[in-house]
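Visitor: End of the sequence shown sits at 560 in my numbering; the numbers just go up one at a time, nothing left out.
Every residue, glycine too, gets a C-beta built ideally from N, C-alpha and C.
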Amino acid sequence: MKSYEVQIWEIGKRVDRKARPWRVRWAVSGQRFEDMFRTKALAHSFRAELVQAANAGEPFDPATGRPVSEAKTKNPTTWYAHSRAYVEMKWPRAAAKTRRSIVEALTSITVTLTRPTKRGRPTDALLREAL
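1. Spell out a yes or no on whether the segment 489–498 and the segment 450–461 are touching, meaning 3 or more CB-CB pairs, one atom from each, closer than 8 Å.
2. Note the first and the last residue of the continuous beta strand (DSSP E) segment covering ASP553.
3. For PRO496, is the classification buried or exposed, using 16 other Cβ atoms within 10 angstroms of its Cβ as the cut-off for buried?
4. What three-state label does DSSP hand GLU533 in the structure shown?
5. According to DSSP, is ALA492 part of a helix, a strand, or is it coil?
6. Go through its chain and collect everything with a Cβ distance to TYR509's Cβ below 8 Å, but skip five positions before and after it.
7. From ALA483 to ARG443, what does the alpha carbon distance come to, in whole angstroms?
8. Quick check: what's the CA-CA separation for MET430 versus ALA448?
9. Report the residue from SER530, LEU556, THR527 whose alpha carbon sits nearest the alpha carbon of GLN541.
10. On the CB-based measure, 16 or more other CB atoms within 10 Å of its CB, does SER512 come out buried or exposed?
11. When DSSP builds the beta bridges, which residues end up paired with TRP451?
12. Looking only at its own chain, which residues have a Cβ that is under 6 Å from the Cβ of THR536, when we skip the five neighbours before and after it?
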């Protein structure tokens, strides 16, 4: 669920901390978040990114407190690439029955994770055959 209800506070310094004393605090849908930084410049830069995203009308994720676009850029790996890497790692040392189980499990998960209403998605039968 995405939220546009964002509140960002000023940067604060915690005198009881030496390693990372600079704190940025913000709230998304009433849920408070904070992140600590080593320097004031790093904290200011992070806060500026949050403010810029909020001013641009970008939705925030209430679970992480970060802009939705940030989550997409942090994890550019697709499900297909992830599952192929997993199979490449497991396949050489797996027994025949285990290989079959891996393929069946990944196929079931892939069909479930892909949205049937999404434009350009192949049919279930074609997706299963490809996998």
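Guide: Taking the definition as stated:
1. As far as the Cβ criterion goes, the segment 489–498 touches the segment 450–461, which means the pair count is three or higher.
2. Boundaries around ASP553 are those of the alpha helix (DSSP H), 553–559, since no beta strand (DSSP E) includes it.
3. Classification for PRO496: buried.
4. Helix, per DSSP.
5. In the structure shown, ALA492 falls within a coil segment according to DSSP collapsed to helix, strand and coil.
6. Sequence-distant partners of TYR509 (beyond 5 residues in either direction) whose C-beta falls short of 8 Å from its own C-beta, in its chain, are THR539.
7. Distance from the CA of ALA483 to the CA of ARG443, rounded to the nearest whole angstrom, comes to 25 Å.
8. Roughly 34 Å separates the two Cα atoms.
9. The identity of residue 541 in the sequence shown is Thr, whereas the question assumes Gln. Of the candidates SER530, LEU556, THR527, the one whose C-alpha sits nearest the C-alpha of THR541 is LEU556.
10. By the neighbour-count criterion, in which 16 or more other beta carbons inside 10 Å mark a residue as buried, SER512 falls on the buried side.
11. Partner(s): LYS442, PHE466.
12. Cβ within range, chain order: ARG557, LEU560.
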